[in-house]
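Numbering (our numbering), first residue to last: 9 to 993.
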């Protein structure tokens, strides 16, 4: 056979491709199944015969060939009889007509398509090659991953004979070629961080395979780890010289030189793709354009010319800004209309975002970049943390593509700059209320109100020609009353169109007072507010009340259930009201069951509430109901996640009920979907009699602080809560807010700040007799002291936490403190006691049916087993903890557990597995911030050094040393010693 395997040549006549047919595997143990049930394949020699026939793809093998395949040059005296016996036994267990005798030999014939795993892998590899040749990397990678997943351990495992050994070598080489091809495509699609972990393990397993080393160097370089990339080359050069007496191949040497030069070409795919290039993901995020777009002819011509030039020679990134236009002047409508007109010029996709620049909290550029990168096909694990790194990756992903970016409602030029593409072929449309003179190279457009002719045309298209023709003067009066502002015209015309009994004169008469008000308010938000007044005045009383009260709530949007709490109405009635507001364009439907205001409409709605809501205290009551809803529902989620935890019994009482969940996953989904709105409500509540409930809401939603995705927003809310409580002189609320902040600082690795908050929280709780923060903060103080090496203090704090939680009947907190005390005992050298304490914690969690906290307990037990040298048990506990953290979306704990698994593998003298898990920890992130990252880098360096990759190991240690020195950590000295010249000898 040649170097690349081929599939079966034929199928049994009349056979069907039923899923429960006879199937075989050779990419692992040689096995057979019928109808999903295993078929006995016999002894190793009998399986060797079956494998030899399967791999001949339907061709006949003579008896002599089979004897040679099974025994080589020294067959037994009864070899021919044995072959016949094996064939007879196989014929009995296989389907009739599968194993046939022919010309003194045997063959396997008539298999269904895909019946042999090798044939399926060959077909998938062919599909991948075809997809890659057409530029479809997404499907090519998918096909190769499916092909590679068919391997189940060593090829032909346990099968004896020289033929099987030769095939093992050939198929393993083919598997590595497929793997290299898939990794190459990973790098072409920007999955550098994901690839580093896998490549580190592969280079350890195949140290002399230069292509894997080359891919690892490129992945490290593109991940910003240039020193490690160069260290890989140095390790490779030394290994090849020692083992083979040769230098690295020219391609590897060239890559090293390009890295040294920081060659810009390394940021692009290593080989040009065949044209036409197919983009794996083609975003199409533009909002729908209005069907009755009218006027703006001069602007349409101007912008059409600029957008058309973006894809040709001399193309440039440009921005369109309605910077002098008042709210409602039609900036977004024009931009969306132009974007749709230009779609054909940007075949690789269109991105859209509302930057919320007119609101109190505009969108952060790093958040927008994360969303854009995901829309462009970048994996979450490949998206960096910092704004600068995200912006650079975004520009790299867009390079070579023709994408249109619509940045709507921008705050200022600083918000926009990181979101602009960096190369020709792309274009950006930007809308804003301010003139962006600071946006270099932008094409500025000042969008004014419509001309009378354009305004009348828009009004006529919405209302209908027949109704306007006979009342032209009245129609002119209407558009004049609207100040020729497109949004006001659209609202007024839509009202008229939905009321068939009205005449245009009736509408004009109704708008008479509004026309005078608009004449008095010439600029800014007041003019926009007057325009919205036209629609607001037409609402029914119940609609108007809903509009006013919903505008009071902070947050990017609001769910139907939360809106029902604000309005104090059943969900069905609430939905009817909200949908009717959507019909008036005063409210937007963000998604099924979710609603949002345009930021200017929200400001107007709040002004209406202050002016019109009677009695006035109904505004406070609406926000109080919303806060109750979030607090009660978050407490329900907390109770489901932590059965038996007494924290919910110590929360402030609520008057309004929250949601109830029958499934744990539904509860978790609610918490993370509502995260932004919930935290906004907590911040909004930090005054008056809502202060304590706002603080308790942060307690009940504490998982958001550890998730990674919402940690920053949670921290901002907790800091605001502390300051508000201190300003109000509420020591109980301040103590609880500081308790919430302890975990925030712990997650970020700010241990001194965490200890400061914890000590103050304890003093405040003692002063006011608030029992739960005393033992809660003591548990956290135990963790802090443990990390800082103050083991006696840690023991004292944790014993206090255990005693307090037992007095309060808080079994989950008791279990947490026991597991933390296990780690203290471990640090003090009492491994046996550490194991017993962790096991006791697990028993409590098991009894309560906890899941997330059980992961923490298994994590602690895994550490204790590692210290005791019981590595198999340690890995079992840590692997189960990893699964639980991943299920519960605790990304930072997931990364931390990868680090602990790496440590266990290193203790077992398995450096390749150590490096793989350490790389995964770096890619995911860990609890403990930069100091924990330094720990991971130190362990990674140790594993790489054990693998003979000393240069890359030293690069890891240098980065770790820098992080330790910044943190003032004692571990710096040990790493410094590793880097000393003496240690390198």
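Ideal placement from N, C-alpha and C gives every residue a C-beta, glycine not left out. Being a predicted model, the structure only gives us computed values, none of them experimental.
Neighbourhood of residue i by C-beta, 6 Å cutoff - its chain only, sequence neighbours within 5 removed
i: residue 750; result: 762, 765, 766, 788
i: residue 672; result: 648
Identified DSSP bridge partners for residue i
i: residue 358; result: 292, 412
i: residue 113; result: 70, 110
i: residue 438; result: 415
i: residue 46; result: 41
i: residue 597; result: 603
Beta-carbon contacts of residue i that lie in its chain and below 7 Å, excluding the five residues immediately before and after
i: residue 205; result: 924, 927, 928, 931
i: residue 286; result: Because the pLDDT of residue 286 is 35, which lies under 50, any placement of that residue in the model is unreliable, and the question is left without a value.
i: residue 189; result: 152
i: residue 733; result: 699, 703, 741, 742, 745
i: residue 889; result: 863, 866, 867, 870, 905
i: residue 879; result: 912, 915, 916
i: residue 618; result: none
i: residue 975; result: 938, 939
i: residue 389; result: 201, 202, 931, 932
i: residue 952; result: 923, 960, 961, 964
i: residue 720; result: none
Same chain, Cβ closer than 8 Å to residue i, neighbours up to 5 away in sequence not counted
i: residue 505; result: 470, 471, 472
i: residue 214; result: 184, 220
i: residue 987; result: 962, 965, 966, 969
Classification of residue i by the beta-carbon crowding that lies within 10 angstroms, buried from 16 upward
i: residue 509; result: exposed
i: residue 494; result: buried
i: residue 361; result: buried
i: residue 339; result: buried
i: residue 440; result: buried
i: residue 813; result: buried
i: residue 100; result: exposed
i: residue 197; result: buried
is_contact[residue i, chain D] using C-beta, thresh 8 Å
i: residue 723; result: The structure shown contains no chain D; it holds only a single protein chain.
Separation of residue j from residue i, as counted between CA atoms
i: residue 802; j: residue 411; result: 56 Å
i: residue 45; j: residue 29; result: 10 Å
i: residue 6; j: residue 644; result: The shown model of the chain, from 9 to 993, leaves out residue 6, and the question about it has no answer.
i: residue 207; j: residue 125; result: 25 Å
i: residue 600; j: residue 588; result: 15 Å
i: residue 747; j: residue 797; result: 22 Å
i: residue 849; j: residue 257; result: 56 Å
i: residue 72; j: residue 171; result: 13 Å
i: residue 954; j: residue 216; result: 16 Å
i: residue 844; j: residue 811; result: 18 Å
i: residue 428; j: residue 451; result: 13 Å
i: residue 193; j: residue 382; result: 18 Å
i: residue 872; j: residue 847; result: 10 Å
i: residue 1026; j: residue 139; result: Given that the chain is displayed from residue 9 to residue 993, the structure contains no residue 1026 and the question cannot be resolved.
i: residue 554; j: residue 419; result: 28 Å
Residue i in three-state terms, based on DSSP
i: residue 709; result: coil
i: residue 983; result: helix
i: residue 21; result: Because the pLDDT of residue 21 is 33, which lies under 50, any placement of that residue in the model is unreliable, and the number read from its coordinates should be weighed accordingly. The answer is coil: DSSP assigns residue 21 none of H, G, I, E or B.
i: residue 566; result: strand
i: residue 81; result: coil
i: residue 602; result: strand
i: residue 496; result: helix
i: residue 907; result: helix
i: residue 988; result: coil
i: residue 165; result: strand
i: residue 427; result: helix
i: residue 62; result: helix
i: residue 451; result: strand
i: residue 124; result: strand
i: residue 301; result: coil
i: residue 893; result: helix
i: residue 479; result: coil
i: residue 31; result: strand
i: residue 664; result: coil
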